[in-house]
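Undergrad: If you read the first sequence in the numbering used here, its first letter stands for residue 1, the second for the next number, and so on. To start, I am sharing the structure in question, which I have written as structure tokens.
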Amino acid sequence: MITRFPPEPNGYPHIGHAKAAIINEEYAKMYKGKLILRFDDTNPLKERIEYYDAILSGLNWLEVKPDLIKNTSDDMKMLYDYAKILIKNDGAYVCKCKQEEIKENRRLGIACKCRGRDIDRTMIEWDKMFNEYKENQAILRFKGDLSSDNTTMRDPTLFRIIDAEHPKQGKRYRVWPTYDFAAPIEDSIDNVTHAMRSKEYELRNDLYYAILDRLGLRKPLVIEFSRLEFDGMPVSKRMLKPLIEAKKVQGWDDPRLPTLLALKRRGILPSSIREFVLSLGFTKADTKPPFTKLEAINRKILDPISIRLFFVKDPIKMKIDDMPSMISIRLKNHPDKDLGYREIKLDNELYISSDDLCNLKIGDEIRLLELFNVKIDSIDGIIHAKYTGNELKQIPRIQWVSKGVEINVLVAKQLYLDNKFNENSLEVIKGYAEEYVDRLENGSRVQFVRFGFCILDEARKFILTHK
RNA sequence: GCUCCGGUGGUGUAGUCCGGUUAAGCAUAGCGGCCUCUCGAGCCGUUGAUCCCGGGUUCAAAUCCCGGCCGGAGCACCA
Numbered sequence: 001m002i003t004r005f006p007p008e009p010n011g012y013p014h015i016g017h018a019k020a021a022i023i024n025e026e027y028a029k030m031y032k033g034k035l036i037l038r039f040d041d042t043n044p045l046k047e048r049i050e051y052y053d054a055i056l057s058g059l060n061w062l063e064v065k066p067d068l069i070k071n072t073s074d075d076m077k078m079l080y081d082y083a084k085i086l087i088k089n090d091g092a093y094v095c096k097c098k099q100e101e102i103k104e105n106r107r108l109g110i111a112c113k114c115r116g117r118d119i120d121r122t123m124i125e126w127d128k129m130f131n132e133y134k135e136n137q138a139i140l141r142f143k144g145d146l147s148s149d150n151t152t153m154r155d156p157t158l159f160r161i162i163d164a165e166h167p168k169q170g171k172r173y174r175v176w177p178t179y180d181f182a183a184p185i186e187d188s189i190d191n192v193t194h195a196m197r198s199k200e201y202e203l204r205n206d207l208y209y210a211i212l213d214r215l216g217l218r219k220p221l222v223i224e225f226s227r228l229e230f231d232g233m234p235v236s237k238r239m240l241k242p243l244i245e246a247k248k249v250q251g252w253d254d255p256r257l258p259t260l261l262a263l264k265r266r267g268i269l270p271s272s273i274r275e276f277v278l279s280l281g282f283t284k285a286d287t288k289p290p291f292t293k294l295e296a297i298n299r300k301i302l303d304p305i306s307i308r309l310f311f312v313k314d315p316i317k318m319k320i321d322d323m324p325s326m327i328s329i330r331l332k333n334h335p336d337k338d339l340g341y342r343e344i345k346l347d348n349e350l351y352i353s354s355d356d357l358c359n360l361k362i363g364d365e366i367r368l369l370e371l372f373n374v375k376i377d378s379i380d381g382i383i384h385a386k387y388t389g390n391e392l393k394q395i396p397r398i399q400w401v402s403k404g405v406e407i408n409v410l411v412a413k414q415l416y417l418d419n420k421f422n423e424n425s426l427e428v429i430k431g432y433a434e435e436y437v438d439r440l441e442n443g444s445r446v447q448f449v450r451f452g453f454c455i456l457d458e459a460r461k462f463i464l465t466h467k
């Protein structure tokens, strides 16, 4: 079994690419086959070196390991040869009609005069595409079936002229194949057995097989699956690019985005993505899985490896009377995994979250987690509380911070609501965290107790991965 | 508009090709309980689907056939 993942290097890889790459790799692995990574770079107008690299490093992060990496643009000579064979088999013709005319004829299902030219003449016209005709003056079209119900069969374009510089090939070529022509041939000659693509290509299957038929090439089995996209988190450049250009989001790694860069920065693990993709199954049903499902998987993996720290949102000071003389306390970094300890300095002042204070009133007794119990005496700007003992009781337990440092936590919300950009999609929460956070390296994962799993983005700035 | 593809508990799916010991498995969410200090994590338990609707074939249908409804995709000199 040989599968292939054929991205066009025209943008940053996202969760949709991850699905295609992982499915192809997993199937190949399952049958001890091979995976080919093929850059489908046949439109120099859209491709950039930057994107080849982004895809490569995205795949590397996902731990998808292709057995072979190639570019369609490396096979141009071969593709030209097949074009000639097709022409000789009376399977293609050069069309010099205007674009609108072609479109209209396809809609109506009628042929133009170019279609009737004899093979020798077509061959001459084909040669002219390389050195005489200009962009938009001539294309090579497949002789399909103009009356087919499947409009992709109505003499689709096989080659067109594009003078732009190609990121890998430079100015070496200007007659470029379309996806419809290149993909089946590439798949076939690379011995791909199972060509899995997302289902928007479904109507092109007839064409795919027709081309291979006319060329007498081996036919891979084409299988399709549904596209992956999260609700309110579009994947298309059409939706995302304007947001970046308008600076509504910070860049391609903004934690609100479904790009691999963003998912990584947000704290999603590559193994979670793989497990998630696999849990979706191989189906054509179009559904938008909830992001919370990815979170649930990620949480299970994160839980045993994330140290627990205290963080209080919107801190409010608490002064404690009758406090036992304690200089510091040593706390475990994880309830049941051996992730070390930390020492917290104490005096009779500490902070709790305003959110917790909301649920309290004077006279209430609460447990400061891992510390002791206090009773609220008064609340006026600051809280006065009295030490009431150490015994574990069924009273509210809340986290606290002593001598903390101020940090920001970025919280990504749904990017689009009702198809409109959500202006409040990025919330910044301020609060105090234990000073231990200053000893963490960027990228460290923690669980702020009763708040959520977070990842340290840069000094004193965290991103909420999920609850 | 035309063509194609889908439709299983709140959500995501398994099962559909080769119709029968599963009148529907798993996960997630929900709910409840536990917890050697997180009632926003963890652990345990539990409620949810007559398998889009109608008809047909059959001893037997989520699974096959027909009709309908709803949703998505394609109709580029993009991939």
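Even glycine gets a Cβ: it sits at the ideal position worked out from N, Cα and C.
1) Exposed or buried, which one is Pro335 when buried takes at least 16 other CB atoms within 10 Å?
2) Identify the residues that DSSP records as bridge partners of Lys430: which are they?
3) Quick one: grab the DSSP three-state call for Arg308.
4) Go ahead and pull the three-state DSSP assignment for Ile15.
5) What three-state label does DSSP hand Ile463 in the structure shown?
6) Under DSSP, the beta strand (DSSP E) around Phe181 begins and ends at which residues?
7) Asp231: which of Phe225, Arg256 and Ala210 sits nearest, CA to CA?
8) Leaving out five residues before and five after Ser444 in sequence, what residues of the same chain have Cβ atoms less than 6 Å from its Cβ?
9) Could you have a look at Asp347 and say whether DSSP puts it in helix, strand or coil?
10) Comparing the CB of Ile22 with every heavy atom of the ligand PLP, is any distance shorter than 8 Å?
11) Hey, how far is the Cα of Leu191 from the Cα of Asn298?
12) Once you ignore the five residues that flank Phe5 on each side, which residues in its own chain have a CB closer than 6 Å to its CB?
13) Kindly identify the DSSP beta-bridge partner or partners of Asp53.
14) Do Ala385 and Val374 have their C-beta atoms closer together than 9 Å?
15) Taking Asp81 as part of the beta strand (DSSP E), name the residues at either end of that continuous run.
16) For Leu371, which three-state DSSP category applies?
17) Quick check on Cys114: buried or exposed, where buried means 16 or more other Cβ atoms within 10 Å of its Cβ?
18) Tell whether a beta-carbon distance below 9 Å holds between Leu464 and Val405.
19) Among the residues of its own chain, which have a CB less than 8 Å from the CB of Ile327, if the five just before and after it don't count?
20) Closest to Leu426 by CA distance: which of Cys112, Leu368 and Lys413 is it?
21) Would you call Val428 buried or exposed, if buried means 16 or more other Cβ atoms sit within 10 Å of its Cβ?
22) Taking all protein chains shown into account, decide if Gln399 is buried (16 or more other Cβ within 10 angstroms of its Cβ) or exposed.
23) For Gln169, which of helix, strand or coil comes out of DSSP?
24) To which residues of the same chain is Glu125 closer than 6 Å at the C-beta, ignoring the five residues directly before and after it?
25) How far does the alpha helix (DSSP H) with Asp206 in it reach, from first residue to last?
TA: The short version:
1) exposed
2) Asn408
3) strand
4) helix
5) strand
6) Where Phe181 is concerned, there is no enclosing beta strand (DSSP E), although the alpha helix (DSSP H) it sits in stretches over Tyr179 to Ile189.
7) Arg256
8) Leu456
9) coil
10) The ligand content of the structure shown is nil, which means the ligand PLP is not present either.
11) Note on residue identity: the sequence assigns Asn, not Leu, to residue 191. Approximately 36 Å between the Cα atoms of the pair.
12) Ala20, Ala21, Asn24 and Leu37
13) Answer is none; Asp53 lacks a bridge partner.
14) yes
15) Premise fails: Asp81 lies in the alpha helix (DSSP H), Met76 to Lys88, not in any beta strand (DSSP E).
16) coil
17) buried
18) no
19) Lys345 and Leu346
20) Lys413
21) exposed
22) buried
23) coil
24) Val94
25) Asn205 to Leu215
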